[in-house]
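Participant: In the numbering used here, the protein residues as written are 5 to 395.
Take this structure, written in structure tokens, and hold onto it; I'll ask about it next.
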Ligand SMILES: [Ca+2]
Ligand SMILES: [Ca+2]
Ligand SMILES: [Ca+2]
Ligand SMILES: [Ca+2]
């Protein structure tokens with residue numbers, strides 16, 4: 005009897021100990037030298053209607069930067085016990101105000117009962133740490149919950165409004181936010197052997213209608229799905245293949261002829277430009293080896309001369325940002341800068357709202373290169389971000 009009493013007491017003690025155990029927290033020297041202070045209450049999200057902001061993901065965190073009074077500063081941050089894979093800002097529910105859209109992956113259960121979930125979260129203005137809307141579990145709709153996820157917003161069905169486009173490791177999908185629910189409009193066939201990587205909507209074949217363009221890392225090419233009707237896409241066309249895998253493919257006019265090209269980069273450590281010629285996507289330009297995976301790539305008129313330049317971020321032994329410009333004949337490397345920190349994403353966007361795009365890099369730090377400052381790096385903030393966009 006006494007043994008049972010002692011055992012019960014020990015069990016109760018252990019139970020109390022386990023309940024009082026704090027979850028592990030990041031401790032740095034600064035916090036050790038200071039008295040503990042209660043955390044600040046979370047700031048509400050402010051999405052500016054007439055101005056762009058930067059949003060990035062660093063795994064457990066989403067961070068929003070706002071440019072004001074000559075500086076970029078963090079205006080919102082949300083941490084969660086799970087993985088934020090991608091985020092973007094845009095008016096996805098057509099209510100005239102922007103939303104922040106995020107792809108969130110989390111686990112429930114333990115051991116053999118562990119289940120991975122993947123959902124789309126929609127944050128509205130004023131949200132602190134809880135999204136206004138969450139989609140159904142995408143893994144229940146046949147989407148692989150683990151692995152790399154990429155997201156962009158774009159008008160994929162040519163209805164004049166943006167949809168949510170996601171590349172998963174086994175398929176690509178299109179979603180719509182109707183203000184109360186976030187239904188999946190379409191899912192591609194199984195692409196797991198081809199490893200879909202980036203995705204976006206753009207007029208790749210210059211017929212005045214947008215297509216879905218996605219990069220295939222294992223396929224070493226990009227695929228273009230034509231919009232058919234009633235939120236279905238098909239008639240897929242493949243580009244010429246390259247060697248060593250494609251991480252990114254997107255659409256822009258980079259030679260100033262008024263027609264779009266498809267621009268890409270990836271494990272090949274090169275920059276590629278494809279032209280749409282007689283129904284085929286043909287490699288028109290490939291750079292030399294740029295010294296690292298070209299997995300950050302974007303295009304914009306950085307110097308305001310009405311010709312789009314191409315910005316490439318390289319990740320490898322040498323981490324760089326490189327700007328290419330078309331000279332009427334070919335693409336020339338016109339600017340190059342090295343820094344510490346692996347480039348994992350790059351976005352061309354007007355992050356300081358002066359009407360001209362900057363080169364915004366996720367390179368562990370957030371880096372902004374502004375031509376008006378001779379492309380010199382204008383902002384750096386240590387955050388560990390691996391995905392970034394500007395809206
Ligand atoms: Ca088209
Ligand atoms: Ca062109
Ligand atoms: Ca330009
Ligand atoms: Ca700007």
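We put the beta carbon where it would ideally sit given N, CA and C, even for glycine.
Could you tell me the alpha carbon to alpha carbon distance between residue 111 and residue 390, rounded to whole angstroms?
Facilitator: Here residue 111 refers to the residue found at position 107 when the chain shown is read from its first residue. Here residue 390 refers to the residue found at position 386 when the chain shown is read from its first residue. Their Cα atoms are separated by approximately 21 Å.
Participant: Count the other C-beta atoms from every protein chain shown that fall within 10 angstroms of the C-beta of residue 27, then say buried if there are 16 or more, exposed otherwise.
Facilitator: As a working mapping, residue 27 is identified with position 23 in the chain shown. Model confidence at residue 27 stands at a pLDDT of 41, short of 50, so the residue's coordinates are unreliable; what they give is reported in the following sentence. Per the 10 Å Cβ criterion, exposed.
Participant: Flag this pair as yes or no: are the beta carbons of residue 205 and residue 215 separated by less than 9 Å?
Facilitator: Working through the chain shown from its first residue, we reach residue 205 at position 201. Working through the chain shown from its first residue, we reach residue 215 at position 211. Going by C-beta atoms, residue 205 is nearer than 9 Å to residue 215.
Participant: So for residue 121, helix, strand or coil by DSSP?
Facilitator: Position 117 of the chain shown, counting from 1, holds the residue named residue 121. If DSSP states are grouped into helix, strand and coil, residue 121 belongs with the strands.
Participant: Determine the closest residue to residue 396 out of 101, 341, 207, 309, with distance taken between C-alpha atoms.
Facilitator: In the structure as shown, the chain begins at 5 and stops at 395. Residue 396 is therefore absent and cannot be evaluated.
Participant: Between which two residues does the beta strand (DSSP E) harbouring residue 216 extend?
Facilitator: Residue mapping note: residue 216 aligns to position 212 of the chain shown, counting from 1. Element bounds for residue 216: 215 to 220.
Participant: Can you tell me whether residue 51 is helix, strand or coil according to DSSP?
Facilitator: Residue mapping note: residue 51 aligns to position 47 of the chain shown, counting from 1. Reduced to three states, the DSSP call for residue 51 is coil.
Participant: Among 90, 63, 117, 94, which residue has its Cα nearest to the Cα of residue 84?
Facilitator: Mapped onto the chain shown, residue 84 falls at position 80. When each option's Cα is compared against that of residue 84, the closest is 63.
Participant: Could you spell out where the beta strand (DSSP E) holding residue 484 opens and where it closes?
Facilitator: Nothing in the structure corresponds to residue 484, since the chain is present only between 5 and 395.
Participant: Take residue 195 and list the residues in its own chain whose beta-carbon comes closer than 6 Å to its own, dropping the five residues that flank it on each side.
Facilitator: Along the chain shown, one-based indexing puts residue 195 at 191. Excluding residues within five positions, the ones whose Cβ falls inside 6 Å are 175.
Participant: Taking only heavy atoms of ligand 2 into account, decide whether any of them is closer than 8 Å to the Cβ of residue 262.
Facilitator: The count along the chain shown starts at 1 and reaches residue 262 at position 258. Under cutoff, so the answer is yes.
Participant: Who pairs with residue 76 in a beta bridge, going by DSSP?
Facilitator: On the chain shown, residue 76 is found 72 positions in, with the first residue counted as 1. Answer is 71.
Participant: Using only the alpha-carbon positions, how far apart do residue 301 and residue 356 sit?
Facilitator: Within the chain shown, the letter at position 297 stands for residue 301. Within the chain shown, the letter at position 352 stands for residue 356. Cα to Cα, the separation comes out at about 20 Å.
Participant: Measure the alpha-carbon distance for residue 143 versus residue 155 and round it to whole angstroms.
Facilitator: In the chain shown, residue 143 corresponds to position 139, counting from 1. In the chain shown, residue 155 corresponds to position 151, counting from 1. If you take the alpha carbons of residue 143 and residue 155, they lie about 16 Å apart.
Participant: Consult DSSP for residue 145 and reduce its assignment to one of helix, strand or coil.
Facilitator: Here residue 145 corresponds to residue number 141 of the chain shown, with the count starting at 1. In this structure, residue 145 counts as helix in the three-state DSSP scheme.
Participant: How about residue 127 and residue 103: are their beta carbons less than 9 Å apart?
Facilitator: For this step, residue 127 is matched to residue 123 along the chain shown. For this step, residue 103 is matched to residue 99 along the chain shown. Contact flag set, yes.
Participant: Which residues have a Cβ closer than 7 Å to any heavy atom of ligand 1, listed in chain order?
Facilitator: Checking every Cβ against the heavy atoms of ligand 1 under 7 Å gives 207, 208, 209, 210, 211, 212, 213, 214, 215.
Participant: Is residue 376 helix, strand or coil by DSSP?
Facilitator: Translated into positions along the chain shown, residue 376 becomes position 372. It is helical.
Participant: Regarding residue 354 and ligand 6, is the C-beta to nearest heavy atom distance less than 8 Å?
Facilitator: The ligand content of the structure shown is limited to ligand 1, ligand 2, ligand 3 and ligand 4, which means ligand 6 is not among them.
Participant: Give the secondary structure of residue 98 by DSSP, where H, G and I count as helix, E and B as strand, and everything else as coil.
Facilitator: Here the question's residue 98 lines up with position 94 in the chain shown. Coil, per DSSP.
Participant: Determine the contact status of residue 327 and residue 338, defining contact as a CB-CB distance below 9 Å.
Facilitator: By 1-based counting over the chain shown, the position of residue 327 is 323. By 1-based counting over the chain shown, the position of residue 338 is 334. Yes. Within cutoff.
Participant: If you reduce the DSSP assignment to three classes, tell me which class residue 115 lands in.
Facilitator: On the chain shown, residue 115 is found 111 positions in, with the first residue counted as 1. Three-state result, residue 115: helix.
Participant: Tell me which same chain residues have a C-beta within less than 8 Å of the C-beta of residue 385, skipping the five on either side of it?
Facilitator: Counting from one through the chain shown, the residue named residue 385 turns up at place 381. Excluding positions up to five away in sequence, the list reads 69, 76, 78, 369, 370.
Participant: Where does residue 346 sit, in a helix, a strand or coil, going by DSSP?
Facilitator: The count along the chain shown starts at 1 and reaches residue 346 at position 342. Reduced to three states, the DSSP call for residue 346 is coil.
Participant: On a CA-only basis, which of 274, 163, 281 is nearest residue 263? Give me that one, please.
Facilitator: Looking up residue 263 in the chain shown gives position 259. The shortest Cα separation from residue 263 among 274, 163, 281 belongs to 281.
Participant: Among 278, 230, 218, 279, which has the Cα closest to the Cα of residue 251?
Facilitator: Within the chain shown, numbered from 1, the residue matching residue 251 stands at position 247. Out of 278, 230, 218, 279, 218 has the C-alpha closest to the C-alpha of residue 251.
Participant: Which class does residue 468 belong to by DSSP, given the choice of helix, strand or coil?
Facilitator: A query on residue 468 cannot be resolved here, the shown segment of the chain reaching from 5 to 395 and no further.
Participant: So, with DSSP's three-state summary, where would you put residue 187?
Facilitator: Locating residue 187 in the chain shown gives position 183, where the first residue counts as 1. Residue 187: coil per DSSP, three-state reduction.
Participant: Among the residues of its own chain, which have a CB less than 7 Å from the CB of residue 135, if the five just before and after it don't count?
Facilitator: The residue labelled residue 135 in the question sits at position 131 within the chain shown. Cβ within range, chain order: 125, 126, 127.
Participant: Just checking my contact of residue 66 with residue 92 at CB under 8 Å: how many whole Å lie between their CB atoms?
Facilitator: Here the question's residue 66 lines up with position 62 in the chain shown. Here the question's residue 92 lines up with position 88 in the chain shown. Going by Cβ atoms, the distance from residue 66 to residue 92 rounds to 10 Å, so no, they are not a contact pair.
Participant: Report the rounded CA-to-CA distance for residue 256 versus residue 305, giving the unit in angstroms.
Facilitator: By one-based count along the chain shown, residue 256 stands at place 252. By one-based count along the chain shown, residue 305 stands at place 301. When rounded, the distance between both Cα atoms is 11 Å.
Participant: Roughly how many angstroms lie between the CA atoms of residue 114 and residue 241, to the nearest whole one?
Facilitator: Here residue 114 refers to the residue found at position 110 of the chain shown. Here residue 241 refers to the residue found at position 237 of the chain shown. Their Cα atoms are separated by approximately 43 Å.
Participant: Here's the rule: buried if 16 or more other CB atoms are within 10 angstroms of the residue's CB, otherwise exposed. What is residue 342?
Facilitator: Along the chain shown, read from residue 1 onward, the residue named residue 342 stands at position 338. Residue 342 is exposed by the Cβ-count criterion.
Participant: Could you tell me which of 199, 344, 312 sits nearest to residue 322, measuring between CA atoms?
Facilitator: On the chain shown, position 318 is the one that residue 322 refers to. Here the closest residue by C-alpha is 344.
Participant: Between residue 311 and residue 117, what straight-line distance do the alpha-carbon atoms span, to the nearest angstrom?
Facilitator: Position 307 of the chain shown, counting from 1, holds the residue named residue 311. Position 113 of the chain shown, counting from 1, holds the residue named residue 117. The straight-line gap from Cα to Cα measures roughly 55 Å.
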